[in-house]
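Enquirer:
In the working numbering, the protein residues as written are 2 to 498.
(1) Taking the alpha helix (DSSP H) that residue 161 belongs to, which residues open and close that run?
(2) Unbroken beta strand (DSSP E) runs of length 3 or more, entirely within the stretch 349-403: which are they?
(3) At the level of alpha carbons, what is the spacing between residue 121 and residue 144?
(4) Under 6 Å Cβ to Cβ from residue 155, same chain only, skipping five residues before and after it: list those, please.
(5) For residue 105 and residue 135, what's the separation of their Cα atoms in angstroms?
(6) Please work out which residues of its chain come closer than 6 Å, Cβ to Cβ, to residue 93, disregarding the five sequence neighbours upstream and downstream, and give them in chain order.
(7) Check whether the stretch 200-216 touches the stretch 313-325, taking contact to mean three or more Cβ pairs, one atom from each stretch, closer than 8 Å.
(8) Using three-state DSSP, classify residue 19 as helix, strand or coil.
(9) Are the CB atoms of residue 178 and residue 205 nearer to each other than 8 Å?
(10) Can you give me the C-alpha to C-alpha distance between residue 248 and residue 300, rounded to a whole angstrom?
(11) Keeping to the same chain, check which residues put their C-beta closer than 8 Å to that of residue 102; ignore five residues upstream and five downstream.
(12) Could you pull the start and end residues of the beta strand (DSSP E) that residue 244 belongs to?
(13) Measuring alpha carbon to alpha carbon, tell me which residue in 140, 238 and 387 is nearest residue 364.
(14) Given residue 88, which residues of its chain have a CB within under 8 Å of its CB, disregarding the five upstream and five downstream residues?
(15) Applying the 10 Å Cβ sphere with the 16-neighbour rule, what's the burial state of residue 12?
(16) According to DSSP, what are the bridge partners of residue 452?
(17) Could you tell me how far apart the beta carbons of residue 330 and residue 453 are, in whole angstroms, since I believe they sit closer than 8 Å?
(18) Measuring straight from C-alpha to C-alpha, what distance separates residue 162 and residue 169?
(19) Does the stretch 425-442 come close enough to the stretch 378-397 to have 3 or more Cβ pairs within less than 8 Å?
(20) Is the separation between the beta-carbon of residue 474 and that of residue 482 shorter than 8 Å?
(21) Return the CA-CA distance between residue 90 and residue 226, expressed in angstroms with no decimal places.
(22) Give me the residue from 268, 296 and 289 with the minimum Cα distance to residue 281.
(23) Under a three-way DSSP split, which group does residue 216 fall into?
(24) Taking C-beta to C-beta, are residue 309 and residue 273 nearer than 8 Å?
(25) Do you know how far the Cα of residue 147 is from the Cα of residue 393?
(26) In the DSSP assignment, what are the bridge partners of residue 295?
(27) Compare the Cα-Cα distances from residue 129 to each of 418, 401 and 430 and report the closest residue.
(28) How should residue 200 be labelled, buried or exposed, when 16 other C-beta atoms within 10 angstroms of its C-beta is the threshold for buried?
(29) Hey, residue 270 and residue 253: beta-carbon distance below 8 Å or not?
(30) Report the rounded CA-to-CA distance for residue 396 versus residue 362, giving the unit in angstroms.
(31) At 3 residues or longer, and completely inside the stretch 404-447: list those beta strand (DSSP E) runs for me, N to C.
(32) Taking C-beta to C-beta, are residue 298 and residue 353 nearer than 8 Å?
(33) Can you look up residue 139 in the DSSP assignment and give me helix, strand or coil?
(34) If we call anything under 8 Å between Cβ atoms a contact, is residue 260 one with residue 355?
(35) Hey, would you say residue 117 sits closer than 8 Å to residue 439, going by beta carbons?
(36) Quick one: what does DSSP say residue 76 is sitting in, helix, strand or coil?
Below, the structure is given as structure tokens:
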């Protein structure tokens, strides 16, 4: 038989049409975790094969949903473009102009996902308003990798500082593990970082990681300390370098109050502060093992500040706080890989001592995303929501009756039968977290709904507002979601007056 190009082409077309035809007979079977499997099923035997809808991708975002998602984004882009809150370069004159309050004539407030409150909404908002308008108000923003690099926190901080005053980026770890635009802090090479939420390294038995759940040291850790050991050790120096960031929001580039937070000091430690090479302060740290804050007050933001610390055994340093004299201080505490269920396992005494000193008036938790891929069923989801509630309440008990806001996970996509779709149990997690938090005097904001709900993430990725991992926001997407959060809070505070 002679094979001609025409016959080969016809043969291939017939085979492909037959394979396409089989897709119309393929079935779909639900799985325990809420997903589905397409194919042919004979008893326990499964032959995977796509259905026609999956193969032809007829279940893509509808035109109606696309229009709705467009309206959510464009509604906020108007405000972002009209406010002077972009980062600035060194060669741009640094004229501090506070971002103006939102002009509600330019937006459709019905498209802003609102915060859900416990029954005492008016009381919650009144107390929060009083805290924000006070001489000083610290906010601590905990979260997973969505917050890395000061994302979301930086935008919200700049917005709130523009309304209520305040300067500086707040908390900064001594050892930086990812790029930051909000600060310029570096440490000498002998510093090491230890995070309570980092599962890749062993935890210290004392569990004294402080309010920011991590610490840095410039000497190794010793299991037991005695005179023989101390006599054998040489004095070691660790240095910290602080400068004005070259690229950041203007208010974040200004700070005059530096706090060095430390504890677990077991040997004498000296501290010397140099500004532009000139010694301006020297002291000894308190050597009683408890938590303390060493403060450095300056007349203006330093261009080149160096902190030299010398000791035989390093204390545990929980980080720096770079603040202004008054107004809003907002700390970004990003925990890569964390699901938020680590707080109650840390040392309660040290955590509370630090919280009493920091005195946060609003604590924000943003978790759930790292747990989503591991949920097997709805019971697993409810159990996690309950665990999360217990950890949040544990932290709240360490505060002076601070307001608590929980931010749920964003929409996240997984591959199901060849398509990127929302993780099946994510909407249920959002419902469970909302219910359990508001029932326990905790406000709740749904990023999932703010993005547009189920299967919104592919749109955000297509519009370059989210990364190709279908999980994290891009820089432009971070601004969008941060502005929606700020608008939601601002609307509620305005309406409560």
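Where a beta carbon is used, it is the ideal one built from N, C-alpha and C, also for glycine. Predicted model, so just to flag it, every value in this text is computed and none were measured.
Expert: Looking at the atomic coordinates:
(1) 154-165 is the extent of the alpha helix (DSSP H) around residue 161.
(2) 361-367
(3) Counting only the Cα atoms, residue 144 lies some 25 Å from residue 121.
(4) 183
(5) Distance from the CA of residue 105 to the CA of residue 135, rounded to the nearest whole angstrom, comes to 26 Å.
(6) Residue confidence is low: residue 93 scores 43 on pLDDT, short of 50, so the model does not pin down where it sits. Its coordinate-derived value is still stated next. Answer for residue 93: no residue qualifies.
(7) yes
(8) helix
(9) no
(10) 22 Å
(11) Here the set comprises 164 and 491.
(12) 237-244
(13) 140
(14) Its pLDDT being 47, under 50, residue 88 is placed unreliably in this model, and the coordinates cannot settle the point.
(15) Counting other Cβ atoms within 10 Å of its Cβ, residue 12 stays below 16 and is therefore classed as exposed.
(16) Per DSSP, none; premise fails for residue 452.
(17) Residue 330 to residue 453, Cβ: 33 Å. No contact.
(18) 9 Å
(19) By the Cβ test, the stretch 425-442 is in contact with the stretch 378-397, since at least three Cβ pairs between them sit closer than 8 Å.
(20) yes
(21) Confidence at residue 90 is low in this model, with a pLDDT of 44, below 50, so the placement of that residue should be treated as unreliable; the coordinate-derived value is given next. Distance between the alpha carbons of residue 90 and residue 226: 49 Å.
(22) The residue with the shortest Cα to Cα distance from residue 281 is 296.
(23) Three-state result, residue 216: strand.
(24) yes
(25) Taking C-alpha positions only, residue 393 is separated from residue 147 by approximately 19 Å.
(26) 261
(27) 401
(28) Residue burial is scored here from C-beta neighbours: residue 200 has fewer than 16 other C-beta atoms within 10 angstroms and is therefore classed as exposed.
(29) In terms of Cβ geometry, residue 270 and residue 253 do not form a close pair [threshold 8 Å].
(30) 12 Å
(31) 404-408, 414-417, 420-423 and 444-446
(32) no
(33) strand
(34) No; because the gap between Cβ atoms is not below 8 Å, this pair is not in contact.
(35) yes
(36) Residue 76 falls in the helix class under three-state DSSP.
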